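Residue numbers (the numbering used here): 133 to 382.
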């Protein structure tokens, strides 16, 4: 049966890959991102299976618009993939600005809370799934990544609370690994000043040696979880290739 999934950060990288996997498997997708061109392209390619909104989810008034537009287009919501995020500021705590951290949390945390909250009534009806795209930085500290890492740790805990509070839903947080996306490019280009030299160098080396993951690899796992994550996984944080997720691997 075709399901209806909302995917955020869907215009490029991992979100774009997740959306394509869902569409290839004949599901319907409501796409959200700030950039419109790639969303329009998917709409042109897949027609009635796609609707989209170009918006900044850090504006918390966008969340109910996304939910209402999804319902208008497809009549139901079966899953939600919280994929959008910002890495900025890549700055050590002493050199940072609290307003920059506030902006990072607006994007990475509060927009997720708003969208999940608005989606819960529909997800209760469908026994739906919420997949939070987390990061290894949620449990490991990297110099300069304070805002990003702590915001992703907050997502993991939101996932855990959602599982406790909404037993009819299945909530999973997933770290996608080092994926060949624009975020990795940002790390290489902007991370040298604040990051530990050896850590920054390791990111550069992994790119140069072709070791970064293709977005389709973790993207397939996330798409499959959005459709069929089982209740035994709920409330927990996993790496994309964890043994517990073997049934969702490409």
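Cβ coordinates follow ideal geometry from the N, Cα and C atoms, glycine included. None of these values were measured; they are calculated from a predicted model.
- Taken atom to atom, the span from the alpha-carbon of residue 154 to that of residue 310 is near 22 Å.
- In the structure shown, residue 307 adopts extended strand secondary structure according to DSSP, grouped into three states.
- Rounded to the nearest whole angstrom, the CA to CA distance from residue 288 to residue 214 is 12 Å.
- Fewer than three Cβ pairs drawn from the stretch 171-180 and the stretch 370-380 lie within less than 8 Å of each other, which leaves the two stretches out of contact.
- Distances from the alpha-carbon of residue 136 to those of 260, 280, 235 and 248 put 260 closest.
- With fewer than 16 other Cβ atoms inside 10 Å of its own Cβ, residue 297 counts as exposed.
- The Cβ atoms of residue 146 and residue 351 lie closer than 8 Å to each other.
- In this chain, the alpha helix (DSSP H) harbouring residue 250 covers 243-258.
- Take the alpha-carbon of residue 140 and the one of residue 224: they are about 28 Å apart.
- Here residue 165 carries a strand assignment [DSSP, helix/strand/coil].
- Straight across, the Cα-Cα distance linking residue 209 with residue 203 is about 7 Å.
- Residues of the same chain with a CB within less than 8 Å of the CB of residue 273, apart from the 5 flanking positions on each side, are 281 in chain order.
- Using a Cβ-Cβ distance cut-off of 8 Å, the stretch 225-242 and the stretch 329-343 are not in contact, since fewer than three pairs of beta carbons, one from each stretch, lie closer than that value.
- In the DSSP assignment, residue 140 forms a beta bridge with 164.
- A straight-line Cα-Cα distance of about 24 Å links residue 233 and residue 186.
- In the structure shown, residue 354 falls within a helical segment according to DSSP collapsed to helix, strand and coil.
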